[in-house]
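I have placed the structure first, in the form of structure tokens, so that the comments after it can refer back to it.
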Amino acid sequence: MTDTITGIARRQNSPHVALALVETWRAVRHPAILLGAAVGAVLLIGPWLDLVEPTQQYVNETYDLIWVGWSPLYLGAFIAANMIANRERDGTTSELFRGMPADLAQRTRGILMAVAGPAALAAILAAAQRSLIAAAGGFTAGSRPNIAKVVPTWPETLTPAIITIGAFVAGVAVARTTQSRSIAMVFGGLFAFTFFVGYWMWWRFPFIVVVPAPLPYGYDDLGATLEQVEVADSALTVFDASSTTWYGIEPGLSVPVAGHLVYLAGVALLMAAWALRRSGAAPVRLALSGVFLTVIGVVTQVVAHYA
Amino acid sequence: MSTQIRLAGVTKRFRSRAALSLVSAEIGHGVTGVLGPNGAGKTTLLRLVATALQPDTGELDILGYDPAAADGRLAIRRRLGYLPQDVGMYSGFTVREFVDYVAILKEITDRNERRAETDRVLDEVGLGDRAGQRIRSLSGGMRRRVGLAQALLGNPALLVLDEPTVGLDPVLRLQFRELVSRYATTGTVLLSTHLTEDVAAFCQTVLVIEGGQLIFAGTPAALTSMADGRVWTSAGPDAGSELSWRGADGRYRHIGDPPPDAELLSATLEDAYLLTIRSLPAQAVRR
Numbered sequence: 002m003t004d005t006i007t008g009i010a011r012r013q014n015s016p017h018v019a020l021a022l023v024e025t026w027r028a029v030r031h032p033a034i035l036l037g038a039a040v041g042a043v044l045l046i047g048p049w050l051d052l053v054e055p056t057q058q059y060v061n062e063t064y065d066l067i068w069v070g071w072s073p074l075y076l077g078a079f080i081a082a083n084m085i086a087n088r089e090r091d092g093t094t095s096e097l098f099r100g101m102p103a104d105l106a107q108r109t110r111g112i113l114m115a116v117a118g119p120a121a122l123a124a125i126l127a128a129a130q131r132s133l134i135a136a137a138g139g140f141t142a143g144s145r146p147n148i149a150k151v152v153p154t155w156p157e158t159l160t161p162a163i164i165t166i167g168a169f170v171a172g173v174a175v176a177r178t179t180q181s182r183s184i185a186m187v188f189g190g191l192f193a194f195t196f197f198v199g200y201w202m203w204w205r206f207p208f209i210v211v212v213p214a215p216l217p218y219g220y221d222d223l224g225a226t227l228e229q230v231e232v233a234d235s236a237l238t239v240f241d242a243s244s245t246t247w248y249g250i251e252p253g254l255s256v257p258v259a260g261h262l263v264y265l266a267g268v269a270l271l272m273a274a275w276a277l278r279r280s281g282a283a284p285v286r287l288a289l290s291g292v293f294l295t296v297i298g299v300v301t302q303v304v305a306h307y308a
Numbered sequence: 110m111s112t113q114i115r116l117a118g119v120t121k122r123f124r125s126r127a128a129l130s131l132v133s134a135e136i137g138h139g140v141t142g143v144l145g146p147n148g149a150g151k152t153t154l155l156r157l158v159a160t161a162l163q164p165d166t167g168e169l170d171i172l173g174y175d176p177a178a179a180d181g182r183l184a185i186r187r188r189l190g191y192l193p194q195d196v197g198m199y200s201g202f203t204v205r206e207f208v209d210y211v212a213i214l215k216e217i218t219d220r221n222e223r224r225a226e227t228d229r230v231l232d233e234v235g236l237g238d239r240a241g242q243r244i245r246s247l248s249g250g251m252r253r254r255v256g257l258a259q260a261l262l263g264n265p266a267l268l269v270l271d272e273p274t275v276g277l278d279p280v281l282r283l284q285f286r287e288l289v290s291r292y293a294t295t296g297t298v299l300l301s302t303h304l305t306e307d308v309a310a311f312c313q314t315v316l317v318i319e320g321g322q323l324i325f326a327g328t329p330a331a332l333t334s335m336a337d338g339r340v341w342t343s344a345g346p347d348a349g350s351e352l353s354w355r356g357a358d359g360r361y362r363h364i365g366d367p368p369p370d371a372e373l374l375s376a377t378l379e380d381a382y383l384l385t386i387r388s389l390p391a392q393a394v395r396r
């Protein structure tokens, strides 16, 4: 036997990088993510495969659901991350891994970095969705006569990837908070139901600034009858039957959506910092970066709202 | 014998119960077996040496490093192979995937090197042909071998094995003894077991723990000699014995203080171990 000092002799790469590669591959093959991606693709990509705009059930349906519709993928990312991070717990490998050179913080870092896989998957799916919409000439937004064909901007198309990152990191953060997978599943389910199934409840200021799913368009309350207000030539309008109110909507809102994505990235960094803190690390710079991005994202959205 | 592990007045409590109390010992190269009844503190001792636990009081020196310090702990872990009592492997992983995963955690980050090392340890434990099999489909004995394989990754200088032979059939136990003995020629192996025959077969040193206290530290021969003249046989029960049991031949084997006309037998390590944990005051046998 040679008295090899494994770590010292072989530490060209930190173990969390190698771990991230392994976990990334496992994450993208995780059944929860595959199922979420499949359901999302059926809902959002399937109807566009023949390059004809599908019939909308209500005015602006496509625009409303364009990113919210990927919620099965978001929930899948949360569940997969939680299960991956919770593989190691009391009764499984936590005792064995206590004797490893790669400590819990490094192991958590490796799992967090595996978010690249699900995020790339979400980005690819969203890009495919956008490409099909563009090839079909866009989707119809607004109520007649003020309608337009809309194609999401490329920055907006990043939305599913960013939300998937947030969901995956949240899964890890919850796993480092409680080892109970049941609690995590209930939490994830309630969160998804509240903010994605019931997304419309939060699409008003100021809630829209802080909820996960961004409103993909801007809107102005135009009153009960369209004739009562001055409508700009370029404005699209939507009649909300429930409130008998007309709304003027503004598509392709890069600034508020980008601000929301920055906010989501900040929250994801804060959750990652929490997971690492719970793993014994002191990720001060990561936490400060999270706070910075969160504040910038919120301020950008608020300023855009009042501008 | 150069000291590889030194414990000085080590105490570890879980709430109000002392799992180990003022344990002092020096352990050198070779195989050291830790014997003791259930709940004696064997696992706590091994967890301390594996840096999975920190002592409440006392000092530990492992391979020349202080596990109380973060850099010392890391240095120990880089030289450590650890097999806990219950590994709790990921059942959805294949054998290769699990061992490969542990190899990453042991900082073997180069993929080719990891592959070669994984193959090597799986071959060592006779699981080379099962590398692609899911862990959930393995028998208990095979899982134990997977556990042993991960412990052997990186040729560790110190192997800490908690009940490594549980679930192994006699042939596999023989192979295990041979494997561990080979490793111990230049390294240090600390293992706990209930099986005195394992200790007799391949341990150079034996520690006996009872009630969180170290009551014997020495060679298996020295432990066995403590029962010399204190083992006898008779056709029926003997009220004067401390412990007796009926053998397959129908005769009773007794340990304790024999009567004057007793038919004495050669003592075994098991006799001595039983005698030690049954009757001897700790101070009388502590070395």
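The listed protein sequences derive, respectively, from chains W and F. Numbering (our numbering) for the first sequence: 2 to 308. Numbering (our numbering) for the second sequence: 110 to 396. Glycine residues also receive a C-beta, built at the ideal position from the N, C-alpha and C atoms.
Uninterrupted beta strand (DSSP E) stretches at least 3 residues long and entirely within the segment 139–217 of chain F occur at 139–144, 166–171, 189–192, given in chain order.
A distance of 8 angstroms or more separates the beta carbons of W68(W) and P257(W).
By the C-beta criterion, the segment 164–184 of chain F is judged not to be in contact with the segment 335–351 of chain F, since fewer than 3 inter-stretch pairs fall below 8 angstroms. Going by C-alpha positions, T295(W) is about 29 angstroms away from V151(W).
Proximity to A305(W) across S144(W), V210(W), I46(W), R278(W) peaks at V210(W), based on C-alpha coordinates. The Cβ atoms of P16(W) and T160(F) do not sit closer than 8 angstroms to each other. Closer than 7 angstroms at the C-beta level to chain F, one finds no residue of the segment 284–295 of chain W. DSSP places W68(W) in the uninterrupted alpha helix (DSSP H) bounded by 62–69. Straight through space, the alpha carbons of P346(F) and E372(F) are spaced by roughly 13 angstroms.
Collapsing the DSSP output to three states places Y248(W) in a strand. The residue from L22(W), W275(W), R182(W), Y264(W) with its alpha-carbon nearest to that of T160(W) is Y264(W).
The beta carbon of T377(F) sits no closer than 8 angstroms to any beta carbon of chain W. With respect to V239(W), L122(W) sits apart: the two C-beta atoms are not nearer than 8 angstroms.
Following the DSSP letters along the chain, one finds D271(F) inside the beta strand (DSSP E) bounded by residues 267–271. The C-beta distance from M272(W) to A171(W) rounds to 6 angstroms, short enough to meet the 8 angstroms contact threshold. With the rule of 3 Cβ pairs closer than 8 angstroms, the segment 314–329 of chain F does not count as touching the segment 349–357 of chain F. For L20(W), the C-beta contacts it makes with chain F under 7 angstroms involve I213, in order along the chain.
Contact between the segment 140–148 of chain W and the segment 162–179 of chain W is absent: fewer than 3 CB-CB pairs across the two stretches fall below 8 angstroms. Ranked by how close their Cα comes to the Cα of V196(F), the residues V280(F), N147(F), Q259(F), D232(F) have Q259(F) in first place. Within the segment 88–101 of chain W, contact with chain F at the beta-carbon level (separation under 7 angstroms) is assigned to R88, G92, T93, T94, E96, L97, F98, R99, G100, M101.
At a cut-off of 8 angstroms, the C-beta of Y174(F) has no neighbouring C-beta in chain W. At a Cβ-Cβ threshold of 8 angstroms, T333(F) and L378(F) count as neighbours. The C-beta of P32(W) comes no closer than 8 angstroms to any C-beta of chain F. In the three-state reduction of the DSSP assignment, D380(F) falls in the helix class, which pools H, G and I. Taken atom to atom, the span from the alpha-carbon of L36(W) to that of F188(W) is near 19 angstroms. Note: D91(W) is not bridge-paired with any residue in the DSSP secondary-structure output. Annotation for L300(F): the continuous beta strand (DSSP E) segment containing it runs 297–302.
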